[in-house]
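When we follow the numbering used here, the leftmost residue of the sequence shown carries the number 9, and every step to the right adds one.
All C-beta atoms, glycine included, are put in the ideal place defined by N, C-alpha and C.
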Amino acid sequence: MGALIAMTAARKWADTADEIWIEGDSAITIADLHRAARGHPPDKTTTQIADLFCAFKAYRITHVYRVANRAADFVASFSCLDDTEWRRGMSLPLDFCAILDEDRNSYT
Numbered sequence: 009m010g011a012l013i014a015m016t017a018a019r020k021w022a023d024t025a026d027e028i029w030i031e032g033d034s035a036i037t038i039a040d041l042h043r044a045a046r047g048h049p050p051d052k053t054t055t056q057i058a059d060l061f062c063a064f065k066a067y068r069i070t071h072v073y074r075v076a077n078r079a080a081d082f083v084a085s086f087s088c089l090d091d092t093e094w095r096r097g098m099s100l101p102l103d104f105c106a107i108l109d110e111d112r113n114s115y116t
């Protein structure tokens with residue numbers, strides 16, 4: 009689960025950050041995280057995630073529709089391609105740049 013990977017990576021800032029904001033486009037995952045925050049995690053993985061976000065002084069959990077999160081969706085899809093290798097210093101894919109430009113200019 010991507011949320012567990014992200015929260016594990018963010019854990020090192022728990023002592024210095026005022027808040028963590030968990031945002032995702034999976035309504036099911038977001039609902040599970042809300043249940044975990046109320047003390048009713050549906051499974052072991054969600055329990056691990058809840059333990060991590062509860063280490064922060066405050067947290068926020070929100071759902072964003074996938075169409076509103078096109079940049080993240082592009083990166084997730086792009087990373088699943090078998091023949092993709094992205095090294096430091098390489099240019100961003102043109103499709104990704106177009107998405108960022110549209111978001112910056114509020115075309116979505």
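Could you give the distance in angstroms between the alpha-carbon of residue i and the alpha-carbon of residue j?
i	j	result
residue 99	residue 82	15 Å
residue 25	residue 62	12 Å
residue 116	residue 106	For residue 116, the pLDDT reaches just 46, beneath the cut-off of 50, and the residue's location in the model is therefore unreliable, although a value from the coordinates is still provided. Each residue's alpha carbon lies about 11 Å from the other.
residue 75	residue 40	21 Å
residue 42	residue 95	36 Å
residue 23	residue 60	12 Å
residue 19	residue 68	15 Å
residue 113	residue 103	15 Å
residue 36	residue 86	23 Å
Ends of the beta strand (DSSP E) at residue i?
i	result
residue 24	Residue 24 -> no beta strand (DSSP E), and no H or E assigned at all.
Consult DSSP for residue i and reduce its assignment to one of helix, strand or coil.
i	result
residue 42	helix
residue 78	helix
residue 96	coil
residue 17	helix
residue 59	helix
residue 47	coil
Below 9 Å between beta carbons: does that hold for residue i and residue j?
i	j	result
residue 11	residue 32	yes
residue 111	residue 79	yes
residue 15	residue 38	no
residue 66	residue 54	no
What first and last residue would you give for the alpha helix (DSSP H) that runs through residue i?
i	result
residue 68	It is not in any alpha helix (DSSP H) - residue 68 instead sits in the beta strand (DSSP E) that spans 67-71.
residue 64	Premise fails: residue 64 is in no alpha helix (DSSP H) and is neither H nor E.
residue 103	102-112
Pull the bridge partners of residue i from the DSSP assignment, please.
i	result
residue 32	71
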